[in-house]
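K.L.:
Would you mind keeping the following structure in view while I ask a few things?
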Amino acid sequence: MLLTLDLNDPRPLHEQVAAALKRAIVAGDVAPGDRLPPARDLARALGVNANTVLRSLRDLRDEGLLEFRRGRGVSVLRRPDGRAALRTRARDLLDEAARYGLSADDVVALIKDLSEEMA
5 MLLTLDLNDP RPLHEQVAAA LKRAIVAGDV APGDRLPPAR DLARALGVNA
55 NTVLRSLRDL RDEGLLEFRR GRGVSVLRRP DGRAALRTRA RDLLDEAARY
105 GLSADDVVAL IKDLSEEMA
């Protein structure tokens, strides 16, 4: 499972880690029933503190995506619903667009242009 963080992202690190994990689940890199690597390993791979990863895991557990089991680690419980996943990705897109100085209207126009090209 390859997770990456954007150093220019203004969101708190725990939100970025949670979003990266959610993207991995949505993409199928991690399926329901799969165990996640230990928090320390994830933290080391991402270059963040283990407490940051633990907070992200707890947030995803509270959303009902992950399950914590004593002695068995953290496993994926379910995939987020498609609309929620797209909402998260759209939020990430709008955040990135803002870093480039683009408004939500600019993003909508870009999406419409792409949609017409694909039709």
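The sequence shown maps to residues 5 to 123 in this note's numbering. We treat Cβ as the ideally placed atom computed from N, Cα and C, and that holds for glycine. The structure presented is a predicted model; accordingly, all values stated were derived computationally and were not measured.
Given this structure, state the Cα-to-Cα distance separating D99 from Q20, to the nearest angstrom.
P.N.:
One C-alpha to the other measures close to 12 Å.
K.L.:
On the three-state DSSP scale, how would you describe V34?
P.N.:
Coil at V34, not helix or strand.
K.L.:
Report the partner residues of S79 according to the DSSP bridge assignment.
P.N.:
The partner list for S79 (beta bridge, DSSP) reads R39, E71.
K.L.:
Quick check on S60: buried or exposed, where buried means 16 or more other Cβ atoms within 10 Å of its Cβ?
P.N.:
Buried.
K.L.:
Determine the contact status of D1 and V80, defining contact as a CB-CB distance below 7 Å.
P.N.:
Residue 1 is absent from the model: the chain starts at 5 and stops at 123.
K.L.:
Answer yes or no: do A43 and L64 have a C-beta to C-beta separation smaller than 7 Å?
P.N.:
Cβ atoms of A43 and L64: not closer than 7 Å.
K.L.:
Roughly how many angstroms lie between the CA atoms of A22 and P84, to the nearest whole one?
P.N.:
Answer to the nearest angstrom: the Cα atoms are 12 Å apart.
K.L.:
Would you mind giving the Cβ-Cβ distance between A24 and L9, rounded to the nearest angstrom? I have them listed as a contact below 8 Å.
P.N.:
Sure, about 6 Å apart at Cβ, within 8 Å.
K.L.:
By the DSSP assignment, the alpha helix (DSSP H) with V111 in it spans what residues?
P.N.:
Element bounds for V111: 108–122.
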